Amino acid sequence: METQCMGCMDMYDYELEACPHCGFKESEYKRIGYHLALHSTLADTYIVGKAIGYGGFGVTYVGYNAILEKKVAIKEYLPGEFATRSPGDTTVTAFTGDKEQAYYKGLEQFEREAKRLARLKNKDGIVDIYDSFRANNTVYIVMECLEGETLKSLLKREKKLSEKKATSIIVSVLKALKKVHNEGIIHRDISPENIFITNAGEVKLIDFGAARNATTGLSKSLSVIVKQGYAPPEQYFSKGKQGSWTDVYATAATYYKMLTGITPDDSMERKGKDTLVPPSKLKVKLSRKQENALLNALELNVKDRTATVGEFLKGITDTKAKVRRKKIKKEKIDLGKLSLRTKLGIGLGIVAVVLAFIVGYQAVRDNLINDQEALAENQVYVPNVLNMTYEEAEELLADSGLKAKFGSYEHTDYVPANTVVKQGINPGELVDKGTEVRLLVSRGGANVYFADYVGMSKDDVINDLDELQLYAEFEEVESSIAKDCIVSQNVAVYESVGRGTVIKFQVSKGIAGYGANSTQVPQFVGLTLEEAKELAKESELYLKVGLKPYSDEIPSGQIINQNYSEGAEIEAGTVIQIEVSAGVETVIMPDVMNTKLIETKELLELMGLDYEVSYITDYSYLPGYIVGANEEVGARIPIGTTVKLNVAKGIRCEASISTHEYKQEIYKVGDEVNIEILIEVEQCDMLASFSNQFVLMYDKEMLEYKGIDGDATATLTSHDYYGDIMLVGYSVSEETYLAKATLTFTALKTGSSQIDIDTYMFPFEDGNTYVTAFHFYGNYGELRVDDLTLDNVVITVK
0 METQCMGCMD MYDYELEACP HCGFKESEYK RIGYHLALHS TLADTYIVGK AIGYGGFGVT
60 YVGYNAILEK KVAIKEYLPG EFATRSPGDT TVTAFTGDKE QAYYKGLEQF EREAKRLARL
120 KNKDGIVDIY DSFRANNTVY IVMECLEGET LKSLLKREKK LSEKKATSII VSVLKALKKV
180 HNEGIIHRDI SPENIFITNA GEVKLIDFGA ARNATTGLSK SLSVIVKQGY APPEQYFSKG
240 KQGSWTDVYA TAATYYKMLT GITPDDSMER KGKDTLVPPS KLKVKLSRKQ ENALLNALEL
300 NVKDRTATVG EFLKGITDTK AKVRRKKIKK EKIDLGKLSL RTKLGIGLGI VAVVLAFIVG
360 YQAVRDNLIN DQEALAENQV YVPNVLNMTY EEAEELLADS GLKAKFGSYE HTDYVPANTV
420 VKQGINPGEL VDKGTEVRLL VSRGGANVYF ADYVGMSKDD VINDLDELQL YAEFEEVESS
480 IAKDCIVSQN VAVYESVGRG TVIKFQVSKG IAGYGANSTQ VPQFVGLTLE EAKELAKESE
540 LYLKVGLKPY SDEIPSGQII NQNYSEGAEI EAGTVIQIEV SAGVETVIMP DVMNTKLIET
600 KELLELMGLD YEVSYITDYS YLPGYIVGAN EEVGARIPIG TTVKLNVAKG IRCEASISTH
660 EYKQEIYKVG DEVNIEILIE VEQCDMLASF SNQFVLMYDK EMLEYKGIDG DATATLTSHD
720 YYGDIMLVGY SVSEETYLAK ATLTFTALKT GSSQIDIDTY MFPFEDGNTY VTAFHFYGNY
780 GELRVDDLTL DNVVITVK
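Below you can see the structure in the form of structure tokens.
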């Protein structure tokens with residue numbers, strides 16, 4: 000006689016102790032209390048086998064369609080924060096109050112998403128959804144059961160993949176995602192864990208995160224659900240605008256992991272200081288075009304990132320496609336002692352917004368360079384001190400008559416500590432002797448802040464440590480903590496540890512002396528975990544920690560929930576699932592030294608922190624950069640804390656520009672050229688106000704002076720034409736100003752056009768007025784300037 004294995008669903012001789020196909024022993028299977036029992040049936044069709052995956056959002060079982068005689072996987076919606084199931088019962092029970100409302104809202108969303116996913120059936124590269132239905136007061140999705148391994152498992156074994164193999168896998172993922180996006184579905188959870196490689200070599204997208212997406216935003220503790228290293232910044236806050244670009248980032252991060260063996264730094268860490276190392280510098284042999292496509296897809300700002308998977312796919316596979324690196328170009332130029340009239344060709348009366356076209360400006364800049372080539376006695380060329388220790392750099396600069404000035408530290412996983420990673424003045428620049436050169440020094444690999452794993456399963460810990468690039472050693476001990484769960488750890492909660500550290504854990508092997516009799520469940524709620532462990536031992540029960548939600552009222556470490564009621568009669572050795580308060584929600588104070596104020600504000604806001612800004616004079620830092628904060632780096636501070644920031648002010652300022660990169664052949668007279676430029680100026684000692692005006696200039700002569708949206712016309716016939724759009728501002732502000740300039744040209748003669756944008760800033764002689772110039776150039780047959788507009792100026796002065 001044969002019986003069916005609940006581990007693999009194959010048939011085998013019932014007299015055998017274990018399944019000969021997979022080794023599953025039903026007698027040794029230890030079901031977690033809230034999971035469905037083996038041999039349960041659903042919808043009079045599906046037989047439920049062992050749980051093959053579970054977490055805070057649901058449980059996945061191996062299953063069997065008894066009608067079609069087909070092995071399947073069954074996913075059950077069971078978010079542990081909102082609901083549970085009593086042992087021996089099949090019905091899921093929602094907790095009361097707000098959690099009940101959240102459970103049913105999430106259930107409906109989970110069901111809707113399941114039906115949408117079913118539309119993707121029989122699509123290459125996507126796991127098939129066969130059925131979805133309601134039962135047991137929850138929703139189930141029945142899907143294809145795959146044989147093989149996840150990409151995460153493959154990478155754990157092989158560390159990294161060849162360029163050919165990694166590209167082949169990511170191309171399959173992108174093709175599948177393209178079909179998904181065409182159906183209006185965003186995956187939101189692309190990572191090596193959710194890419195499956197079958198035994199036949201097929202690449203499949205799995206786990207579209209339906210349960211995760213359904214519960215996101217419904218509770219405080221689940222309002223932000225991400226995979227560190229793979230989630231872009233917009234997934235870190237509930238109002239972040241997500242779309243195809245969100246999956247692009249995660250897919251690119253997965254490609255990076257396959258190629259380099261390194262998980263990219265978390266996007267929120269990169270937002271403070273981007274330490275992403277191009278694959279080519281890690282000896283990965285991609286073409287320049289492919290690397291550009293990868294890095295463009297990993298841009299942090301949505302507006303800079305590759306927007307669609309189709310565009311990303313083309314960049315990787317189309318050998319004829321031209322893929323340029325998307326970046327903001329920055330150039331700083333000091334025009335020295337030139338008079339204001341020479342610089343602008345206009346009087347000092349304009350202290351608002353000036354948009355100017357200046358032919359011949361390049362000649363002024365060239366003259367300055369020629370003057371500098373005559374090396375004076377008190378001038379030297381700056382040596383290259385990159386990759387030296389700080390002491391070596393200091394000595395070499397001193398030998399050249401220059402001074403080393405420590406700027407700040409940067410975390411760099413691949414550069415040894417105390418190594419210079421950036422210098423404030425580029426090598427080869429001509430400067431006066433005695434000039435200070437700011438040096439940024441590596442702090443070595445970025446540390447991670449360790450979590451509390453006591454009471455959690457060994458498998459969950461291994462997965463977490465793998466993502467954090469940490470290693471584990473386990474020692475088995477007797478304990479009333481559930482078997483294969485963590486009893487203790489040798490690193491304190493929130494302690495900072497370097498990547499590569501070996502963490503030692505004690506893991507429970509159970510208690511041999513427990514009997515087979517029934518026992519009563521004691522009251523664990525209100526106790527600490529240590530107190531509960533003693534009580535559990537007395538009652539011959541085991542404890543397993545599930546969620547650790549934040550609480551403003553209940554102290555950290557106190558038990559707030561248990562899945563068995565006090566006084567219930569259950570078998571000795573049963574595992575009691577408990578929830579332990581994590582206390583007041585806190586965040587780790589980031590290192591904001593020497594970061595831009597605008598970026599720091601955004602980072603603190605995303606972390607739920609407030610801020611106050613004070614400006615101080617410190618010419619060793621660029622204006623608008625953080626020089627100090629009242630909270631210690633690495634300290635845990637409650638959400639809502641006000642961080643006091645000291646920001647440098649001085650005469651130097653920075654601007655950034657974002658434009659559609661433009662290159663077009665002009666074939667006939669009358670073709671129009673449109674350039675749209677988004678201008679973002681970081682304020683420090685300038686631009687307290689704008690007036691709605693601009694100036695159109697040609698060869699330093701004012702042609703038109705109009706208000707915003709005014710029109711001005713000029714004909715430019717120079718073969719090599721150089722022009723500038725300039726903004727002039729005055730006074731002090733701490734806000735950012737945004738503007739969009741649109742230039743329209745008409746071709747008068749056939750020619751080619753290439754627009755490149757640079758940006759730089761310089762002060763005028765009076766020390767109070769500053770110009771930001773956005774310089775463009777090209778090779779034109781003959782163009783007529785038809786229109787120049789400036790709009791969307793945002794002005795907020797505190």
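Heads up: the sequence shown begins at 0 in numbering that gives the first Met the number 0, then just goes up one per residue. For every residue, glycine included, the Cβ atom is placed at its ideal position computed from N, Cα and C. As the structure is a prediction and not an experimental result, all values here were calculated from the model.
Helix, strand or coil for residue i per DSSP?
i, result
"S690", "The predicted position of S690 is uncertain, since its pLDDT is 30 and thus under 50; no value can be drawn from it."
"E394", "helix"
"D431", "strand"
"R187", "coil"
"P278", "helix"
"N181", "helix"
"L203", "Sequence inspection shows Lys at residue 203; the Leu mentioned does not correspond to that position. Looking at K203 - three-state DSSP - the assignment turns out to be strand."
"D609", "strand"
"E570", "strand"
"T83", "strand"
"Y729", "Since pLDDT at Y729 reaches only 29, below the 50 mark, its modelled position is unreliable, and the value read off the structure follows with that caveat. Residue state, collapsed to three classes: strand."
"K288", "helix"
"D12", "strand"
"K313", "helix"
"A647", "strand"
"P382", "coil"
"E552", "coil"
According to the neighbour-count rule (16 or more other Cβ atoms, all chains shown, within 10 Å of its Cβ), is residue i buried or exposed?
i, result
"S478", "buried"
"R287", "exposed"
"E475", "exposed"
"I615", "exposed"
"E14", "exposed"
"F405", "exposed"
"Y541", "buried"
"R156", "exposed"
"G314", "buried"
"G110", "It is worth fixing the name first, because residue 110 is Glu in this sequence and not Gly. E110 is buried by the Cβ-count criterion."
"L422", "Note that residue 422 corresponds to Gln in the displayed sequence, not to Leu. Label assigned to Q422: buried."
"Q108", "buried"
Enumerate in chain order the residues of its own chain whose CB-to-CB distance from residue i is below 7 Å, with the five nearest sequence positions on each side excluded.
i, result
"K120", "D127, I128"
"Y229", "I189, S190, A249, A252, T253"
"G607", "V586, I638, G639"
"L153", "I196"
"E25", "M5, L37"
"E539", "Y513, G514, T518, A571, G572"
Excluding five sequence neighbours on each side, which residues of the same chain lie with their C-beta closer than 8 Å to the C-beta of residue i?
i, result
"L116", "I128, I140, I184, F207, A209"
"T92", "A82, T83, R84, S85, N136"
"T641", "L608, D609, Y610, E611"
"A567", "Q519, V520"
I'd like to know whether the C-beta of residue i is nearer than 8 Å to at least one C-beta of chain D.
i, result
"V506", "Reference to chain D is not applicable here, since this structure consists of a single protein chain."
Please check the pair residue i and residue j, which I expect to be a contact at CB under 8 Å, by giving their CB distance rounded to whole angstroms.
i, j, result
"I196", "E148", "6 Å"
"G545", "Q576", "5 Å"
"I502", "L528", "19 Å between Cβ atoms; not a contact."
"L258", "A165", "5 Å"
"A471", "F504", "6 Å"
"V496", "V447", "6 Å"
"E802", "K270", "With the chain running from 0 to 797 in the structure shown, residue 802 is simply not present."
"D431", "Q378", "6 Å"
"V381", "L395", "Rounded, the Cβ-Cβ distance is 10 Å, inconsistent with contact."
"V61", "M8", "6 Å"
For residue i, which residues of its own chain have a beta-carbon under 6 Å away from its beta-carbon, when the five flanking residues on both sides are left out?
i, result
"D16", "According to the sequence shown, residue 16 is Glu rather than Asp. Within the same chain, E16 has no close Cβ partners at all."
"H34", "A50, V58"
"P297", "At residue 297 the sequence reads Leu, which differs from the Pro that was named. For L297, where only same-chain residues beyond five positions count, the Cβ hits under 6 Å are A251."
"L343", "With a pLDDT of 27 at L343, under the threshold of 50, the modelled position of this residue cannot be trusted; read the value that follows with caution. Within the same chain, L343 has no close Cβ partners at all."
Q. In chain order, which alpha helix (DSSP H) runs of at least 4 residues are fully inside the stretch 93-176?
A. 97-117, 150-157
Q | Complete beta strand (DSSP E) runs within the stretch 30-57 (minimum length 3 residues, chain order) | A | 45-53
Q: May I have a chain-ordered list of the alpha helix (DSSP H) segments no shorter than 4 residues that lie completely inside the stretch 434-483?
A: 457-466
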